[in-house]
Ligand code: ADP
Ligand code: MG
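In the working numbering, the protein residues as written are 54 to 614.
Put into structure tokens, the structure is as follows:
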């Protein structure tokens, strides 16, 4: 087969341009990205071999290797992992499958200045392509384990790349960066310096569970120095807590979370006894763009005694904590454990309950100890967490205790339910809320008039899930949660002289009008009544206390119920 020249997909091209003209100041991270891919490839091969012993692959010395060639100004990162087939190279390297990248590029075009752009790059990360920040040409040679033919991919990061078959490629993948010319002004980023490579690996990739080796260049006349392993390979979750720095935890998070930003919170849990496990969980600082899509890959990594078993292990946390990243290392599971078995395992069930409580209590702690961090968390993940109010009755109270909501009490500061109750007026029994599309539209609702007039606080709920949980939960610490759009709400007379007697009298006075209105609207309504809830608008439509509100009706309809 001759060499094929292929065009990058449009998004890929844009991304490459960005890398080539990168404003991202921390270029060192390209090495972390390549090492991270190599490590994933080794994990995948080990697992595939475990499942299928007949796979023709050598797994006797799985490792990552970094080679420097000062004269040629190249840096090569090599692994003997799963590799890629010819077609896979085209699919995985030539295109960008990640749907978030389109969003990213859009936001990037809108970013006004270099600082904004840098922030965005840091936020999305671009994996393999980050090599083009430091190289003007990248060559990848790969052979998929079990296949006989290899593939060479080359690109200068412009519009095209080439693909060609190679006969004698070793198993796995090697990525060779042809480094950009040295900048005499800037010795700090000399990627041909073994010393600097050692530092970067130590800083970003120490915890990688495969050996990362560096083969020194042959110095003239010197005796050949030995191969050096750059990383300690120690699992962070197995090391004593006070021996691990925040930075180390953060680098692990970036590797497993495919995120370039630091996490918001690191959570450690150690369970001893009959079912032993260690967990290291992270709350990200930003919600991923695809959190609410069907193909969001949720779940943490599962290890068994330091051996990686699977990614996205969804049995370990409930769906409403799907944004949590991390590692769970269990001592007493089989290396062959399957997703189906995990779903039914009693110990896993117990683990899930424990981890769930731990995450919730961590957020609760954040709330008391670090308001600002809690606010960030809730802004990013509150909507997801509220799903738990409907789906996880066991933790309902815990979630309610750490939830906060927009409220008429303050224009921008959300309130907790506890805060709301503390501010309740004398004689107010219930907690009032109104759900709608936006704060603005809710505040303009006629339903709000009487409440505003009487200075009664109303929670302003704008997430689609709000009505569902408010309905399902019903009350908070004995106080009913009531929609101001539903049923008869007696706010009490504003002026003392309007007692019950007067209401009756008035209803009698208006009986004729009310009756006529009821007749006219018969098809659409149940009842017409006088109300104390309006101050400016002449009339409004309310639902019965037990009816679905229009928004809920829509939602259930959409869910096919
Ligand atoms: P990500 O790692 O987040 O998926 P990357 O851009 O880093 O994104 O890599 C894209 C894909 O290319 C990977 O998902 C993987 O399938 C493939 N890939 C990259 N490097 C390697 C490698 N060393 N061995 C095997 N596959 C690789
Ligand atoms: Mg990657």
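Beta carbons are placed, not taken as given, at the ideal position from N, Cα and C, and that holds for glycine.
Using the Cα positions of residue i and residue j, report the straight-line distance between them to the nearest angstrom.
{"i": "residue 238", "j": "residue 71", "result": "23 Å"}
{"i": "residue 389", "j": "residue 233", "result": "45 Å"}
{"i": "residue 392", "j": "residue 368", "result": "8 Å"}
{"i": "residue 66", "j": "residue 144", "result": "14 Å"}
{"i": "residue 203", "j": "residue 54", "result": "12 Å"}
{"i": "residue 196", "j": "residue 132", "result": "11 Å"}
{"i": "residue 447", "j": "residue 512", "result": "24 Å"}
{"i": "residue 95", "j": "residue 136", "result": "9 Å"}
{"i": "residue 183", "j": "residue 210", "result": "11 Å"}
{"i": "residue 194", "j": "residue 161", "result": "31 Å"}
{"i": "residue 401", "j": "residue 290", "result": "19 Å"}
{"i": "residue 328", "j": "residue 320", "result": "19 Å"}
{"i": "residue 82", "j": "residue 412", "result": "30 Å"}
{"i": "residue 15", "j": "residue 469", "result": "Residue 15 lies beyond the residue range present for the chain, which begins at 54 and ends at 614; the question has no answer from this structure."}
{"i": "residue 595", "j": "residue 538", "result": "5 Å"}
{"i": "residue 567", "j": "residue 573", "result": "10 Å"}
{"i": "residue 141", "j": "residue 105", "result": "20 Å"}
{"i": "residue 571", "j": "residue 465", "result": "41 Å"}
{"i": "residue 314", "j": "residue 579", "result": "55 Å"}
{"i": "residue 438", "j": "residue 562", "result": "50 Å"}
{"i": "residue 550", "j": "residue 559", "result": "Model confidence at residue 550 stands at a pLDDT of 44, short of 50, so the residue's coordinates are unreliable; what they give is reported in the following sentence. So the two alpha carbons sit approximately 13 Å from each other."}
{"i": "residue 280", "j": "residue 355", "result": "31 Å"}
{"i": "residue 138", "j": "residue 228", "result": "15 Å"}
{"i": "residue 576", "j": "residue 569", "result": "13 Å"}
{"i": "residue 449", "j": "residue 344", "result": "21 Å"}
{"i": "residue 497", "j": "residue 481", "result": "23 Å"}
{"i": "residue 163", "j": "residue 308", "result": "28 Å"}
{"i": "residue 556", "j": "residue 484", "result": "24 Å"}
Buried or exposed for residue i, going by 16 or more other Cβ atoms inside 10 Å?
{"i": "residue 20", "result": "Residue 20 is absent from the model: the chain starts at 54 and stops at 614."}
{"i": "residue 533", "result": "exposed"}
{"i": "residue 298", "result": "exposed"}
{"i": "residue 548", "result": "Caution applies to residue 548, whose pLDDT of 46 falls short of 50 and renders its modelled position unreliable; the model cannot decide the point."}
{"i": "residue 509", "result": "buried"}
{"i": "residue 592", "result": "exposed"}
{"i": "residue 99", "result": "buried"}
{"i": "residue 394", "result": "exposed"}
{"i": "residue 378", "result": "buried"}
{"i": "residue 495", "result": "buried"}
{"i": "residue 312", "result": "buried"}
{"i": "residue 387", "result": "exposed"}
{"i": "residue 304", "result": "buried"}
{"i": "residue 525", "result": "exposed"}
{"i": "residue 546", "result": "Caution applies to residue 546, whose pLDDT of 49 falls short of 50 and renders its modelled position unreliable; the model cannot decide the point."}
{"i": "residue 78", "result": "exposed"}
{"i": "residue 255", "result": "exposed"}
{"i": "residue 363", "result": "buried"}
If you check the beta carbons only, do residue i and residue j fall under 8 Å apart?
{"i": "residue 264", "j": "residue 284", "result": "yes"}
{"i": "residue 148", "j": "residue 249", "result": "no"}
{"i": "residue 110", "j": "residue 224", "result": "yes"}
{"i": "residue 486", "j": "residue 536", "result": "yes"}
{"i": "residue 463", "j": "residue 476", "result": "no"}
{"i": "residue 267", "j": "residue 247", "result": "yes"}
{"i": "residue 407", "j": "residue 324", "result": "yes"}
{"i": "residue 384", "j": "residue 330", "result": "yes"}
{"i": "residue 157", "j": "residue 86", "result": "no"}
{"i": "residue 371", "j": "residue 409", "result": "yes"}
{"i": "residue 316", "j": "residue 333", "result": "no"}
{"i": "residue 520", "j": "residue 474", "result": "no"}
{"i": "residue 340", "j": "residue 440", "result": "no"}
{"i": "residue 459", "j": "residue 421", "result": "no"}
{"i": "residue 187", "j": "residue 230", "result": "yes"}
{"i": "residue 88", "j": "residue 130", "result": "yes"}
{"i": "residue 213", "j": "residue 60", "result": "yes"}
{"i": "residue 418", "j": "residue 373", "result": "no"}
{"i": "residue 235", "j": "residue 262", "result": "no"}
{"i": "residue 69", "j": "residue 185", "result": "yes"}
{"i": "residue 322", "j": "residue 245", "result": "no"}
{"i": "residue 103", "j": "residue 134", "result": "no"}
Given the structure, does residue i come close to the ligand NAD, in the sense that its CB is under 7 Å from one of the ligand's heavy atoms?
{"i": "residue 204", "result": "The model on display carries the ligand ADP and the ligand MG but not the ligand NAD."}
- Query: Quick check: the segment 441–457 against the segment 487–504, are there 3 or more CB pairs under 8 Å?
  - Reply: Below 8 Å, too few C-beta pairs join the segment 441–457 and the segment 487–504 to call them touching: fewer than three.
- Message: Under 7 Å, CB to any heavy atom of the ligand MG. Which residues pass, going along the chain?
- Response: Residues with a Cβ closer than 7 Å to any heavy atom of the ligand MG, in chain order: 86, 89, 90, 93, 180, 181, 311.
- Contact between the segment 503–519 and the segment 420–429: three or more CB pairs below 8 Å? Segments in contact, no.
- Would you call the segment 112–125 and the segment 215–224 in contact, with 3 or more CB pairs under 8 Å? No: the two stretches stay apart, fewer than three of their Cβ pairs being nearer than 8 Å.
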